[in-house]
Amino acid sequence: MIPALLITIIAEGAVVIGYCGWRKKPLRPVLLTSLCANLITQSLLWIVLNLFFGHYLMALLVAEILIWAIESVLLYSLPANRLRFSEASLLSLMINLVSFGLGWFLPV
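Using numbering that gives the first Met the number 0, the first residue of the sequence shown is number 0, and each one after it goes up by one.
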């Protein structure tokens, strides 16, 4: 679990850095929000996957959709991030697609 979390934080952090530079958003609060959200949502993901291991793919799909929604709301709800909901949703989708892709293809 720790190696997966570390890889997720690094990969998603790189996406956040790129996004904030591209869209001229404040890096520090967005990056901190993403880090805190990851600590929560990675734990949620591992719990769901362990509880519903018999239905792994369906559990993964549902959990990833919930994680996207949770992270979107967290990124949007903090005023220091200066993100509209559509921007927060897009950023959350981008970071979660990257971490999902890495998690799917890396043997962690």
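Each residue gets a CB set at the ideal place from its N, CA and C atoms; glycine is no exception. Remember, it's a predicted structure, so these values are computed and weren't measured experimentally.
Local Cβ density within 10 Å of residue i, reported as buried at 16 or more and exposed below that
i, result
"asparagine 49", "exposed"
"alanine 36", "buried"
"valine 56", "Inspection of the sequence shows that residue 56 is occupied by leucine rather than by valine. Looking at its Cβ environment, which holds fewer than 16 other Cβ atoms inside 10 Å, leucine 56 is exposed."
"alanine 13", "exposed"
CA-to-CA distance, residue j to residue i, given in whole angstroms
i, j, result
"alanine 58", "leucine 44", "9 angstroms"
"proline 25", "arginine 81", "7 angstroms"
"leucine 101", "proline 78", "30 angstroms"
Span of the alpha helix (DSSP H), counted from its first residue to its last, around residue i
i, result
"proline 28", "26-50"
"alanine 13", "1-22"
"glycine 53", "Careful: glycine 53 lies outside any alpha helix (DSSP H) and carries neither H nor E."
Contact set for residue i: own chain, Cβ-Cβ below 7 angstroms, skip 5 residues either direction
i, result
"serine 98", "Thr7, Ala10 and Glu11"
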